[in-house]
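J.: So that we are looking at the same thing, I have put the structure below in structure tokens.
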Amino acid sequence: YEPLPGEGWVRLLIIEPRLMPGFRCHMRNVELNNALGRYEALSYRWEDSENDRHADMSKLDGITCNGFPMMLKRNLHLALTNLRYRVRPRILWIDAICINQDDAKERSRQVELMGTIYRHSSRTIIWLG
Numbered sequence: 031y032e033p034l035p036g037e038g039w040v041r042l043l044i045i046e047p048r049l050m051p052g053f054r055c056h057m058r059n060v061e062l063n064n065a066l067g068r069y070e071a072l073s074y075r076w077e078d079s080e081n082d083r084h085a086d087m088s089k090l091d092g093i094t095c096n097g098f099p100m101m102l103k104r105n106l107h108l109a110l111t112n113l114r115y116r117v118r119p120r121i122l123w124i125d126a127i128c129i130n131q132d133d134a135k136e137r138s139r140q141v142e143l144m145g146t147i148y149r150h151s152s153r154t155i156i157w158l159g
């Protein structure tokens, strides 16, 4: 993960359209106040306990993000696959991807911003699986 430049910054996930081969995406750091209404937030059902970030590998699927492989829980992978637009990119904020889950300090700061993140999104998509 590229470090966030400062307080009030978040990462957004840009998912390439279905017309592109494979599943590709990239992340962009943005200042939250400058991103008002320019992204959608995804809320989804976690398959396992939120504290279990070391899930059974058989329950994970891969994507390519910023040119690197990224493993996701199956339900999240299914959501992203189904939410891809056909001909244009889709911009999403997703906690499990846009927050560096291995950085406790960042995770804490981003959790404090979550209310604002959801309010600033153009809409919240609920994915139950």
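Here the working numbering is used: the first residue of the sequence shown is 31, the next is one more, and so on. All residues carry an ideal CB built from backbone N, CA and C; glycine is no exception.
1. Note the first and the last residue of the continuous beta strand (DSSP E) segment covering D91.
2. Under a Cβ-count criterion, where at least 16 other Cβ atoms within 10 Å of its own Cβ denotes burial, should E80 be classed as buried or exposed?
3. Excluding the 5 residues preceding and the 5 following R54 in the sequence, name in chain order all residues of the same chain whose CB lies nearer than 7 Å to its CB.
4. First and last residue of the beta strand (DSSP E) that includes L42?
5. Straight-line CA distance for F98 to M57?
6. Taking its Cβ as the centre, do 16 or more other Cβ atoms sit within 10 Å of V117, making it buried, or is it exposed?
7. Measuring from the CB of G38, is there a heavy atom of the ligand SAM at a distance below 6 Å?
8. Quick check: the segment 119-127 against the segment 32-49, are there 3 or more CB pairs under 8 Å?
9. Taking L113 and K103 to be in contact with their CB atoms under 8 Å, please state how far apart those CB atoms are, rounded to whole angstroms.
10. Would you tell me roughly how many angstroms separate the C-alpha atoms of C128 and T111, rounded to the nearest one?
T.: In short, the structure shows the following:
1. Counting along the chain, the beta strand (DSSP E) containing D91 begins and ends at 90-95.
2. Here E80 scores only 49 on pLDDT, less than 50, and its place in the model should not be relied on; the value that follows carries that caveat. With fewer than 16 Cβ atoms within 10 Å of its Cβ, E80 is classed as exposed.
3. E46, T94, listed in sequence order.
4. First-last of the beta strand (DSSP E) with L42: 39-45.
5. In this model, F98 and M57 are separated by some 11 Å (Cα to Cα).
6. In this structure V117 is exposed. Its beta-carbon is surrounded by fewer than 16 other beta-carbon atoms within 10 angstroms.
7. As presented, the structure is devoid of all ligands, the ligand SAM included, so that no description of it is given.
8. The segment 119-127 vs the segment 32-49: in contact.
9. With a beta-carbon spacing of about 15 Å, L113 and K103 fall beyond the 8 Å limit used to define contacts.
10. Cα-Cα distance, rounded: 17 Å.
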